[in-house]
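For our numbering, count along the sequence shown from 1 and bump the result up by 5. Idealized CB from N, CA, C, for every residue including glycine. Small disclaimer: the values here were computed from a predicted structure and weren't measured. Have a look at the structure below before the remarks.
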Amino acid sequence: MKISPTRQEFHALAGDNTVIPVWAEVLADVETPVSAYIKLVGDKPGFLLESVEHGERWSRFSFVGRDPVATLVLRDGKITTSGNVPSDMPRDKGILAAIESLLATYRAPLHKDLPPLQGGLMGFLGYDIVREIENLPNTPPEDRNMPDAVMSMIGSLAAFDHWRQRCYMIE
Numbered sequence: 006m007k008i009s010p011t012r013q014e015f016h017a018l019a020g021d022n023t024v025i026p027v028w029a030e031v032l033a034d035v036e037t038p039v040s041a042y043i044k045l046v047g048d049k050p051g052f053l054l055e056s057v058e059h060g061e062r063w064s065r066f067s068f069v070g071r072d073p074v075a076t077l078v079l080r081d082g083k084i085t086t087s088g089n090v091p092s093d094m095p096r097d098k099g100i101l102a103a104i105e106s107l108l109a110t111y112r113a114p115l116h117k118d119l120p121p122l123q124g125g126l127m128g129f130l131g132y133d134i135v136r137e138i139e140n141l142p143n144t145p146p147e148d149r150n151m152p153d154a155v156m157s158m159i160g161s162l163a164a165f166d167h168w169r170q171r172c173y174m175i176e
């Protein structure tokens, strides 16, 4: 199994970046994204991102993520955090400002040999996040007992390339 980048490439990339993805390419002719999710994530925080084109054909890539480096949760106007979050991240200016601050601390190169999702934030923003941008009347009542937003910085990623029958294990 080949590990990329090489040590020399890693050191060259480290000068301009705060995060350097390291990956191994493995054959994925019998492994599926669902079986990988069960094995890699189990009952811990993670995600499975699949897509279908035109409602009938699988897309080229699937992604399984786990071990978030940092997580932001917005509930009832309050942001809570876990993991490696910058101490100066604004917590009183809304979730969008917090996301912008978190992303500003991470710079990673994009590798042409990897699938398009190589890291970053994964999660959801509820409809009412628009109220951080627009002044809208009549906030609807809370009836779902869900956070308004959850965003996690991906720690480990298994990126499946269905065309090439390969999986890239990215750390």
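- Counting along the chain, Tyr42 sits inside the alpha helix (DSSP H) bounded by residues Pro38 to Leu45.
- DSSP, reduced to helix, strand and coil, places Asp133 within a helical segment of the structure shown.
- The secondary-structure analysis by DSSP pairs Ala163 across a beta bridge with Val69 and Met174.
- By the Cβ criterion, the stretch 146-161 is in contact with the stretch 78-86, since at least three pairs of Cβ atoms, one from each stretch, lie closer than 8 Å.
- Secondary structure at Arg62: strand, using DSSP grouped into helix, strand and coil.
- Distances from the alpha-carbon of Ile25 to those of Arg112, Phe165 and Ala164 put Arg112 closest.
- It is roughly 43 Å from the alpha-carbon of Val135 to the alpha-carbon of Leu32.
- Annotation for Arg12: the continuous alpha helix (DSSP H) segment containing it runs Arg12 to Ala19.
- With contacts defined as CB atoms closer than 8 Å, Ala163 and Val69 qualify as a contacting pair.
- By the Cβ neighbour-count rule, Glu61 is exposed, with fewer than 16 other Cβ atoms within 10 Å of its own.
- Using a Cβ distance threshold of 8 Å, Leu107 and Ala75 count as a contacting pair.
- Within the model, the alpha-carbon separation for Asp166 versus Gly20 is close to 30 Å.
- With fewer than 16 other beta carbons inside 10 angstroms of its own, Val57 counts as exposed.
- Here Tyr132 is exposed. Its C-beta has fewer than 16 other C-beta atoms within 10 Å.
- Taking Pro73 as reference, the option from Phe129, Gly125, Asn143 and Pro142 with the minimal CA-CA separation is Gly125.
- DSSP, read as helix, strand or coil, puts Ile84 in strand.
- Within the same chain, Val27 and Ser161 come within 6 Å of Glu176 by CB-CB distance, once the 5 residues on both sides are set aside.
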